[in-house]
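To start, the structure under review is shown below, and the notes come after it.
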């Protein structure tokens, strides 16, 4: 399988050059002492396990495709160690309710199946969770708004793999299990078999990211990648694909990646096994979300000698193949809205010549109508308008005409947080200073902590500010 | 093709008995003087064309399946007249970018293709539009909350039909055209070819509704039915299926069934042809919505000799095959929420024996994971709690974790209105009186008109009530 033809056809984005990293000092005393990492990544759960997001500005600056260096990572435990010479011999099974179950190697997968390449945005279900944790501590660590990244993934269609193994009657789910041994067993989860067989869903068994062998943090040498769904379903270090009649009973499938009803407290949730097992609360498709990347948190804008406008900009995404159809900006707390520009770099791949090959895989996107990737928005706002506003808020709408909510839907695991993203404006002398809702991990800062510390009720429908006319509450 | 086997297997709902109606006096002088109708239907656009919804309570009382008598109707003009003896000879084309275009009759469709039956909820994109019209007049007539109905539809998979006609390379859309000649041409619209070919989407060319020949108002003798999408795409009196490389350029495809960005006024919209033509604003999948049916508008509840609880109940639906995963009720204006019970009668069909035949079609649902139908919710609320509350509001969440918004997204055509459904409680002497947001058509009543008449700003984030502590505005 060759590389793409003429340079002239390459009108779509290619990955930025990634760095050569070293093993970081802080990883040396952990089980991940074999993993080379970028020091810019922000650790969300102490030193180990490795759960990180990049600085939001750095993520945005990389553009549509994220390098392995800055791609967010969600690891539950130690990273399995696979040496380069072991990659092609990596064994995994396709088993369960199948006429032709098979044990195969990555070499078989590459040699015997059609290879595909396309861009996919992965998002952690916990993206923006810090905001929920400020309102009320959830059972989850504090992601900022950079738990999202996009890469070109190369591999085999899961549906192709399963079709050759011939699912039996009554088969309805596909379970995945990784090689990462954890306190509650190997990490595992499941999706519906129907989705796995649906080419529109684009579920892939991937062995390359941005044209390179998978980085250890991203599943070296083999993983599932599911477009439009939360990252928690895209099992890394893949060892088993198991077709079943029922959803996975893996501990991590049941007790992670769920949005329990909002009235269930962390304390009450401990005694509600049937609620945890209710598949209606399991998260698969991403919900619609957006964030402002520039101005960055604490960025300052000179009023004395700057330009007359500032270009606000950021990202947005939707789930399940849906497209973000509009992004709106308000400077008066929702009374009026203005439409931002949106660009969809993903669509540039759709214009590639048919049968274009990239990184050894057919660029399998031209025929597909679904959206698998984030998009970018921007809006030039006159400085004079910013001076008159308390804040700048954004909301995205998807093509099913669902819009991001004004208010947070708090839940026990703090997942899928997607209220309007609010950047507060402070005029300080001859500068404007911008304040994001939070900063990731334990990093202090953001209007949410500030307002809460001042006694504001963040859930009062006014972001904890005084309701107009309300008595002083502090 | 036979009828279903044992009665014992029929654990799923069958249609209620429909009435024998007559031509109504008011229709005699219209082009629809050949159409027999149920007098209970509420006319939304004067006498003609016929656009109606049933009384909300009557709709709810019929249960999961709606008879032809009460099924909502959206007609743009006169109903084409097709006599019974003409049904099987009804001609239509499958044309455009196809290797094997075909002109065929309904008889061919029935004899040469596999017949399928399954339940589908249709919803008008204008459902609940009256609420938008009270806030600000839109370019659309005033649906209440009963622009939604469910029936068992029998016909042929559109994908099956198209596969035999073999779409050519570059084909991306399927246009539909009806026999209803209108001021701007025949009614027509389009959907993506990809969806038409996708069995999970379940798009059908239907010739039976609840086991009977189609009623004239519902497309006699042949129509498209698209689960999970707005009714406006399900073209009635089907004459042409046209495969194309671009979306339909039919006037009704462009200037109807769109949600333009909220800041575009009716006046401004007149000069924005590119905005109208932006497919991102075209509505296909339904958004998530819900309504309270009981207590009905103006229903009174005795406090002196009644039971201790009242069972609130209503419907909910989501689009694009999604399931309503929870419905929540608040009695304190959104501060706290309680989970309602939900029933999914659609799931009872999934339990039918494989290859079950109903109304001459295979009950094609057991394998499908998607939700095509509305569900019902209920909650027993203690009277004592109702006495202490100003209102009862509900919101549904779908399985992509998107929740109905608190606030209305107003747009020029007033479509896809789905904020929290609010029923106001009035304690009057020894009774509680319940007040819905609006009444359909020009029928007065509802808290929205009342609040607006009193000078309240319906878009102030508090349903036009005084913001706590706010100065008197009247």
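Protein chains in written order, with this note's numbering: chain U, 1 to 474; chain V, 1001 to 1474.
The C-beta atom is built at its ideal place from N, Cα and C for all residues, glycine as well.
Can you give me the C-alpha to C-alpha distance between residue 1246 (chain V) and residue 1279 (chain V), rounded to a whole angstrom?
11 Å
TODO: Reducing DSSP to helix, strand and coil, say where residue 265 (chain U) ends up.
DONE: coil
Practice problem: Could you tell me whether the segment 343–350 of chain U touches the segment 414–421 of chain U, where touching means 3 or more Cβ pairs closer than 8 Å? | Solution: no
Closer than 8 Å to chain V by CB, residue 237 (chain U): no
- Task: Could you list the residues in the segment 1392–1416 of chain V with a C-beta less than 7 Å from some C-beta on chain U, going in chain order?
- Result: 1399, 1400, 1401, 1402, 1403, 1405, 1406, 1407, 1409, 1416
Kindly say whether residue 1262 (chain V), judged by its beta-carbon, lies nearer than 8 Å to any beta-carbon of chain U.
-> yes
Alpha carbons only, please: which of U:21, U:135, U:81 is nearest the one belonging to residue 461 (chain U)?
U:135
Next on the checklist: Could you check whether the Cβ of residue 1323 (chain V) sits closer than 8 Å to any Cβ belonging to chain U?
Outcome noted: yes
query = Which term fits residue 1065 (chain V), buried or exposed, when burial requires 16 or more other beta carbons within 10 angstroms of its beta carbon?
reply = buried
message = Using C-beta distances below 7 Å, list every residue in its chain close to residue 277 (chain U), excluding the 5 sequence neighbours before and after it, in chain order.
response = 254
Check your understanding: Does the beta carbon of residue 1191 (chain V) come closer than 8 Å to any beta carbon on chain U?
Key -> no
**Prompt:** So, does the CB of residue 427 (chain U) fall closer than 8 Å to a CB anywhere in chain V?
**Reply:** no
| task | Identify the contact partners of residue 1383 (chain V) in chain U, using a Cβ-Cβ distance below 7 Å as the criterion. | result | Within 7 Å Cβ-Cβ: nothing; residue 1383 (chain V) doesn't reach chain U, min ~21 Å.
Residue range of the unbroken alpha helix (DSSP H) whose run includes residue 350 (chain U)
346–350
**OP:** Measure from the C-beta of residue 461 (chain U) to each C-beta in chain V and report whether the shortest distance is under 8 Å.
**Re:** yes
Notebook entry, point to check: Quick one: any contact between the segment 1387–1394 of chain V and the segment 364–374 of chain U, if contact means 3 or more CB pairs under 8 Å?
Noted result: no
If residue 237 (chain U) and residue 219 (chain U) are in contact, beta carbons under 8 Å, what's the gap, nearest whole angstrom?
5 Å
Checklist entry - Do residue 222 (chain U) and residue 367 (chain U) have their CB atoms nearer than 8 Å? => result no
* Answer yes or no: does any C-beta atom of chain V fall closer than 8 Å to that of residue 288 (chain U)? => yes
- [ ] Spell out whether any CB of chain U is found under 8 Å from the CB atom of residue 1299 (chain V).
- [x] no
Starting from residue 395 (chain U) and walking both ways along the alpha helix (DSSP H), at which residues does that stretch end?
-> Careful: residue 395 (chain U) lies outside any alpha helix (DSSP H), inside the beta strand (DSSP E) at 391–398.
Tell me the DSSP secondary structure of residue 7 (chain U) in three-state form. Note that residue 7 (chain U) has pLDDT 47, beneath the 50 cutoff, so the model's placement of it is unreliable and no number is given.
#### Entry: Contact set between residue 1328 (chain V) and chain A, taken where Cβ atoms lie within less than 9 Å
Absent here is chain A; the protein component of the structure consists of chains U and V.
Short of 6 Å in beta carbon distance, which residues of its chain neighbour residue 1203 (chain V), apart from the five on each side in sequence? Order them along the chain.
1158, 1196, 1226
- Item | residue 217 (chain U) versus U:316, U:41, U:16, residue with shortest Cα-Cα distance | U:41
Residue from U:308, U:312, U:290 whose Cα sits closest to the Cα of residue 299 (chain U): U:312
*Residue range of the alpha helix (DSSP H) that residue 1277 (chain V) falls in?*
1273–1277
Contact set for residue 1393 (chain V): own chain, Cβ-Cβ below 6 Å, skip 5 residues either direction
1330, 1420, 1422
Near the ligand ATP: residue 230 (chain U) beta-carbon under 7 Å from a heavy atom = You won't find the ligand ATP in this model; it holds no ligand whatsoever.
### Message
Whole angstroms are fine: how far does the CA of residue 1407 (chain V) sit from the CA of residue 467 (chain U)?
### Response
17 Å
Practice item. Indicate the three-state DSSP secondary structure (helix, strand or coil) for residue 64 (chain U) in the structure shown. Key: coil
- Query: Residues of chain V with a CB under 8 Å from the CB of residue 280 (chain U): which are they?
  - Reply: 1323, 1325, 1326, 1399
**Q.** Close-in-space but distant-in-sequence residues of the same chain around residue 1281 (chain V) (CB under 8 Å, 5 per side omitted)
**A.** 1258, 1259, 1260, 1261, 1275
* Can you list, in chain order, the residues of the segment 348–373 of chain U whose Cβ is nearer than 8 Å to any Cβ on chain V? -> 367, 368, 369
Requested in this report: Please report how far the alpha carbon of residue 154 (chain U) lies from the alpha carbon of residue 97 (chain U), in whole angstroms.
Outcome: 27 Å
Check: Looking only at its own chain, which residues have a Cβ that is under 7 Å from the Cβ of residue 1365 (chain V), when we skip the five neighbours before and after it?
Finding: 1118, 1349, 1350
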